[in-house]
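*Asks:*
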Amino acid sequence: MMSNKTPEKVKADVVVSMHYTLKVDGSVVDTSSGADPLEYLQGHGNIIEGLEKEMEGMAVGESKTVSVAAKDGYGEYDAEAVAYIPRAQFPPEIPLEEGIQLQVRDEQGDVTSAWISEVGEDRVQLNFNHPLAGKNLEFEVTVVGLRQPTSEELTHGHVHSDKHSH
């Protein structure tokens, strides 16, 4: 039987609304400031594991700064996860600039994300690491709302909203 009582603290199976700012090396990389808060279902791996652990037990209106080590964030940097592609193989509409994100299809037909980490005269280095791999993350978080999930959200393991932010 699901309780309709509004949860008082962040715990498993509670929908959390939070504002966050993510800093890496002192620079803001991402923030919900000026936008809608991020909503996620606690305990279901919807957000970075290291952050999810630290959110446990927070109450509405509470703020904290959370440092997440690379291994609990986007993982360690894998020097092997790069590929060199001849420039000639890139379609002309793709701008060959460092930092450009691409969707790449592998031999099995699976699509994965990569980004251009180096542009040489004859070849381009594609990097399959997350751009924040190997980085320690610093989150400033504020809990702005807690609610019970709908039974559908609980079954699917993530929040359903009209604003499909996935």
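With our numbering, you'll find the sequence shown wraps up at 1069, consecutive numbering, no jumps. Glycine residues also receive a C-beta, built at the ideal position from the N, C-alpha and C atoms.
Could you check if V1014 is buried or exposed, using at least 16 other CB atoms within 10 Å of its CB as the buried criterion?
*Replies:* exposed
*Asks:* Quick test of the definition: if touching needs 3 or more C-beta pairs under 8 Å, does the stretch 1001-1016 touch the stretch 937-946?
*Replies:* no
*Asks:* Give the DSSP-derived three-state secondary structure of T1045 in the structure shown.
*Replies:* strand
*Asks:* How far does the alpha helix (DSSP H) with E1024 in it extend, from its first residue to its last?
*Replies:* For E1024, no alpha helix (DSSP H) encloses it, and the DSSP letter there is neither H nor E.
*Asks:* Measure how close the beta-carbons of V931 and T924 come, nearest whole angstrom, since I'm counting them as under 8 Å.
*Replies:* 6 Å
*Asks:* Inspect the beta-carbon positions of M961 and V1046 and report whether they are closer than 7 Å.
*Replies:* yes
*Asks:* Which class does A982 belong to by DSSP, given the choice of helix, strand or coil?
*Replies:* coil
*Asks:* I'd like the list of long-range same chain contacts for E983, defined as Cβ closer than 6 Å, with 5 residues on each side in sequence excluded.
*Replies:* none
*Asks:* Report the three-state DSSP secondary structure of D933 (helix, strand or coil).
*Replies:* DSSP places D933 in strand when its eight states are reduced to three.
*Asks:* Going by DSSP, name the residue or residues bridged to P989.
*Replies:* R1026
*Asks:* Rounding to the nearest angstrom, what Cα-Cα distance links E1056 and F1042 in this structure?
*Replies:* For E1056 and F1042, the distance between alpha carbons rounds to 25 Å.
*Asks:* In three-state DSSP terms, what is M961?
*Replies:* coil
*Asks:* Taking the alpha carbon of P989 as the point to measure from, which residue in E1021, G1002, Q1011, I951 has its own alpha carbon closest?
*Replies:* E1021
*Asks:* Which residues share a DSSP beta bridge with Y855?
*Replies:* The structure shown does not extend to residue 855, since the chain spans only 904 to 1069, so no value can be given for it.
*Asks:* Taking 7 Å as the threshold (C-beta atoms), are N1039 and A973 in contact?
*Replies:* yes
*Asks:* So, are the CB atoms of E952 and D975 less than 7 Å apart?
*Replies:* yes
*Asks:* In whole angstroms, what is the alpha-carbon distance linking K967 and E1024?
*Replies:* 47 Å
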